[in-house]
Each structure stands twice: as structure tokens, then as C-alpha cells.
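Novice:
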Amino acid sequence: MAEHNLGDSHQVFDGEGKTFTINDKHVAIFNINGDLFAFEDACKHMGGSLGKGKLEGNLVACPNHGWQYDVTNGKCVTENECESGCRVDTFPVKTENNEIILSLPE
159 MAEHNLGDSH
169 QVFDGEGKTF
179 TINDKHVAIF
189 NINGDLFAFE
199 DACKHMGGSL
209 GKGKLEGNLV
219 ACPNHGWQYD
229 VTNGKCVTEN
239 ECESGCRVDT
249 FPVKTENNEI
259 ILSLPE
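According to our numbering, the sequence shown is numbered sequentially starting from 159.
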């Protein structure tokens, strides 16, 4: 895994998400009560940007067709739409000295 410094952690507001592109990899990062969660920024349905979706609790809804994902583990929770085990890739993320540090596979 390679670590990437994405800058000031205050740019991802509590209860909201933000998208980042690192080496052609699109990643969404959400802040829930000060905890950051990072995952692939593409809905498994039609590739919509999950980082632009609405967050309710720990679920984000794709802005295109409403498929919902648990931001803590990447699992799709939309009944009768997602196949069993459908999920987006998640990535380790942390803050150090108020900076977002994201780890991605090399």
C-alpha cells in the first residue's frame, strides 16, 4: 500500500463526503462524527459518484438511482437490487497532524 497525503482534514466536513483522484483512482471520503471512511467512488449499478451522494447515518445513496452503501464497509444495502456480497472497495484512511492520509494499493 502507498500512502497519499490529501491535505487538510477540515476540507471533509462532518456528515459530508468529498471526492479525490489519485493516480487515476477515484475515491470518496466521508466524515462521520470525526471518523473518516474511504472507498471507491463508483456505484456498482452504473458508476455514479458516491462522493456526491447524500449521507444519512452511515449510508450514502448514489445520486443517480439511489443505491445505498454502508460507508464503514462498502457493502451495498439496497434490497432486491444488489447481488449478495456486492460492495465497493474500501481503503485505509487516517488523519495525522490534521492531514488526510489515504492508503491505496500500488
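The beta-carbon is built from N, C-alpha and C at its ideal position, and this holds for glycine as well. Just so we're clear, the structure is a prediction, and the values are computed from it rather than from any experiment.
Go through the region 162-225 residue by residue and report every complete run of the beta strand (DSSP E) that reaches 3 residues or more, in order.
Specialist: 175-180, 183-190, 193-198, 212-214 and 217-219
Novice: How would you label residue 242, buried or exposed, when you count the other beta carbons within 10 angstroms and need 16 or more for buried?
Specialist: Classification of residue 242: exposed, given that the 10 Å Cβ count is below 16.
Novice: Looking only at C-alpha atoms, which of 161, 236 and 189 sits nearest to residue 181?
Specialist: Ranking 161, 236 and 189 by Cα distance to residue 181 puts 161 first.
Novice: Determine, using beta carbons only, whether residue 176 and residue 209 come nearer to each other than 8 Å.
Specialist: yes
Novice: Three or more C-beta pairs under 8 Å: does that hold for the region 192-201 against the region 221-237?
Specialist: yes
Novice: When the Cα of residue 250 is compared with those of 170, 168, 187 and 166, which residue comes out closest?
Specialist: That would be 187, whose Cα lies nearest to the Cα of residue 250.
Novice: Which residues share a DSSP beta bridge with residue 234?
Specialist: 227
Novice: My output table needs one value for residue 251: the three-state DSSP class, helix, strand or coil.
Specialist: strand
Novice: May I ask which residues mark the beginning and end of the beta strand (DSSP E) holding residue 257?
Specialist: 257-262
Novice: Can you check which of these residues, 194, 185, 184 and 183, is closest to residue 168 by C-alpha distance?
Specialist: 194
Novice: Report the option in 238, 173, 217 and 185 whose CA atom is closest to the CA atom of residue 205.
Specialist: Comparing alpha-carbon positions, the option among 238, 173, 217 and 185 lying closest to residue 205 turns out to be 185.
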